[in-house]
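The numbering of the sequence shown is this note's numbering, which starts it at 84 and goes up by one.
We treat Cβ as the ideally placed atom computed from N, Cα and C, and that holds for glycine.
Note that the structure is predicted; figures quoted are calculated from it, not measured.
Please read the structure below before turning to the comments.
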Amino acid sequence: MKTDKYKNRQFVIKGAIILTVLIFSVQLFFLQILNEDYRTFADNNAFLKKTIYPSRGLITDRTGKIIVSNKPSYDVMLVMKEMKNFDTLEFCKTLKIDREFFDERIAEIKNRRINRGYSPYSPQLFASMLSIEEYGLLQEKLYKFSGVYIQSRTLREYAYPVAAQVLGNVGEVNKRMIENDTTNYYIPGDYAGLNGLEEQYEKLLRGEKGYEIFLRNSFGKVVERYENGIYDKEAIKGNDIQISLDIELQEYGEYLLQNKIGSVVAIEPSTGEILAAVSAPSFSPSLLVGAERAENFKALNQDKATLPLLNRAFMGRYAPGSTFKTLNAMIFQQEGIISSSTRYPCRMGYTVGRFHLGCHSHSSPLNLPQSVQHSCNAYYCYAFRSLLDADKYDNIDTSFEVWKNHVVSFGFGYKLGVDIPSENQGFIPNSKTYRRIYGNYWKSLNIVSLSIGQGEILATPVQIANLSAAIANRGYWVVPHFLKSTDNDSVAFNFEKRETSVEKWCFEPIIEGMEMAVNGAEGSTARIAKIEDIVVCGKTGTAQNPHGEDHSLFMAFAPKDDPKIAIAVVVENAGFGATWAAPIGSLMIEKYLKREISPKRAWVESHITNADFISKNVKED
């Protein structure tokens, strides 16, 4: 029995030893494997890991022209533990900085609340984006500064001084971006796309970082390449992307909109590819590259009068004006309110009691195509009220929702889904909107201005261009987009084709009217948009603006029977659509389809480019 007693104790002791070993093993596993802080400390103590930054992917236009490429840049990195007997004054003199800046920057680097990844054993960013000249000067004296390393990377370089709001820019990541990065790719000092296509396709363009590992001695000094570099990793270049922009058309659009505030959006109707997306005023994308980036951004951001950083093509919200009559006309037909032959009178406008909505002088009465041709306001007031008050609907709430749902099917009131981070949805009211404004007994007359694209309706230029594309396609539209192709075969992208709620037969009278507006007899509203040998279908618009002169609008597509381009133009505070927006749209169409402007129309081009609406409408502070 005594023997058995000691035998049991033996098992207890063995079990206790095993348990102790197990506990220590778990703790070591946690410290060395799961605990990142411990692992990082250990690694940094023994090794120097130098990051190799990849080149970002190139961006080319639809014809293969390189729009965005890369140029070399250099960052100054410091390893604090290696900065022995450091000649601070000579270092400051070489970089042309003062001692105060040096001390402040060192304090920021060591502040773990600001720089969460700080370690005295790992390279810390001191200064970024040195020019080649600055790099050369520092490189000559680098032997004097222990602990100083030069980190090579690339900056963006632009072949054309246009499309800044579309392309976006690349800058240093901030704390929020690092925290929101689920891939754990970014660390302080890294660059990333901050807006535009650079942000939208960041994961494609950025590539994969590489690294080189160096061994330290017991004093923390780098002595040699670890294991002759067998554990090093090469950087992988970012994927190139081809976008749908025609860079020459983009350049021409920005040329036409110089000294103006507004936008031009051009779309290939059959594919939804965006050919041009002009936002004016613009700026050269090169301004937001290099050491002067911060100052240039500050200056652009402080321009509250013209807002050059605002991408008006996708964020600007405007009453669509008479361009919207085309959509209303199709809805009226679809709901059986009118036909192509339906006529309404116009006596210089639409009058009910004391209410009067004016119109310009033209023959009367007009049929549907003629109402588009002459842009008759009264025609659409009559038809709109007939729709809302039709007996086939239970009440005005029901009829209005029918109207609204048709409008939404053309892409209004919601984001279209453009592959750019800055798209606005515009605004299309619903019946609840008017119950809040007018109470339960609101009437069609209360909102008759919607019939001519005024009132509460707000649309972006890309939505108006998309309406033109849907008309050109006779009943469908493809989500407007920029990405055309990429060299990454694993990336699949498919931009949805969407059918409108209006049947194909409803489009033909509208297209006929748009053709007559451009190519018809005197009195047609868009005759200035006529192009020799090309049948253009267009519709002008003049949108009331409570803050100043009316906005000038125009939408069109061409050619009529095989559309290659659909376009929308908005010129803020310019007045009539026929005077300014229409010729701009026409010149853009001609430039795209013919690649040059006819000498006969050189006067139109000159008239447009010499106009200055910024000086006229913007007051200096």
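- By the neighbour-count criterion, in which 16 or more other beta carbons inside 10 Å mark a residue as buried, residue 404 falls on the buried side.
- In the DSSP annotation of this structure, residue 160 is not part of any alpha helix (DSSP H); the continuous beta strand (DSSP E) holding it starts and ends at 149 to 161.
- CA-CA distance, residue 572 to residue 325, rounds to 13 Å.
- Along the length of the region 450 to 538, whole alpha helix (DSSP H) runs at least 4 residues long occupy 451 to 457, 460 to 471, 479 to 492, 514 to 521, reported in chain order.
- A check of alpha carbon separations from residue 425 across 442, 449, 171 identifies 449 as the nearest.
- Under a 10 Å Cβ-count criterion, residue 385 is classified as exposed, with fewer than 16 other Cβ atoms of the shown protein chains found around its own Cβ.
- Taking C-beta separations shorter than 6 Å and ignoring five residues to either side along the sequence, the partners of residue 489 in its chain run 414, 584, following chain order.
- Each of 655, 393, 356 was checked against the Cα of residue 278, and the nearest Cα belongs to 393.
- Going by beta carbons, residue 285 and residue 567 fall outside the 8 Å limit.
- Across the structure, residue 193 and residue 262 are spaced so that their CA atoms are roughly 20 Å apart.
- Taking C-beta separations shorter than 6 Å and ignoring five residues to either side along the sequence, the partners of residue 352 in its chain run 552, 555, 556, 646, 649, following chain order.
- The alpha-carbon separation between residue 430 and residue 576 amounts to approximately 53 Å.
- Put simply, the backbone Cα of residue 148 is about 21 Å away from that of residue 370.
- Secondary structure of residue 546 (DSSP, three-state): helix.
- Apart from sequence neighbours up to five positions away, the residues of its chain that approach residue 632 with a beta-carbon distance below 8 Å are 656, 657, 658, 700, ordered along the chain.
- Residue 361 sits close to residue 337, with the two beta carbons spaced by under 8 Å.
- A Cβ-Cβ distance of about 21 Å is found for the pair residue 627 and residue 466, leaving them out of contact under the 8 Å criterion.
- Contact between the region 373 to 381 and the region 508 to 527 is absent: fewer than three C-beta pairs spanning the two stretches fall below 8 Å.
- It is roughly 16 Å from the alpha-carbon of residue 155 to the alpha-carbon of residue 272.
- Pairing residue 607 with residue 590, the inter-Cα distance amounts to about 19 Å.
- Cβ-Cβ distances below 6 Å link residue 618 to 642, 643 in the same chain, with the five nearest sequence neighbours on each side left out; the list follows chain order.
- Straight through space, the alpha carbons of residue 231 and residue 162 are spaced by roughly 7 Å.
- DSSP places residue 677 in the uninterrupted alpha helix (DSSP H) bounded by 664 to 677.
- Under DSSP, residue 232 shares a beta bridge with 160.
- A direct Cα-Cα distance of roughly 10 Å separates residue 282 from residue 289.
- Judged by DSSP secondary structure, residue 224 falls within the alpha helix (DSSP H) whose first and last residues are 215 to 224.
- When secondary structure is reduced to three states using DSSP, residue 573 falls in the coil class, being assigned neither helix nor strand.
- Taking one beta carbon from each stretch, the region 535 to 547 and the region 505 to 516 have 3 or more pairs nearer than 8 Å; the two touch.
- Under DSSP, residue 625 takes part in a beta bridge, and its partners are 635.
- Distance between residue 291 and residue 214, taken at the CA atoms: about 24 Å.
- When DSSP assignments are scanned along the region 258 to 309, the uninterrupted stretches of beta strand (DSSP E) that are 3 or more residues long and fall wholly within it turn out to be 274 to 276, 293 to 299, 305 to 308.
- For residue 207, the closest alpha carbon among the candidates 316, 218, 159, 240 is that of 159.
- Between residue 195 and residue 204, the C-beta gap is not smaller than 8 Å, which leaves the two residues out of contact.
- The C-alpha of residue 678 lies about 17 Å from the C-alpha of residue 348.
- Residue pairing of residue 207 in beta bridges, as defined by DSSP: 161.
- Excluding the 5 residues flanking it on each side, residue 166 has same chain C-beta neighbours closer than 7 Å at 229, 230, in chain order.
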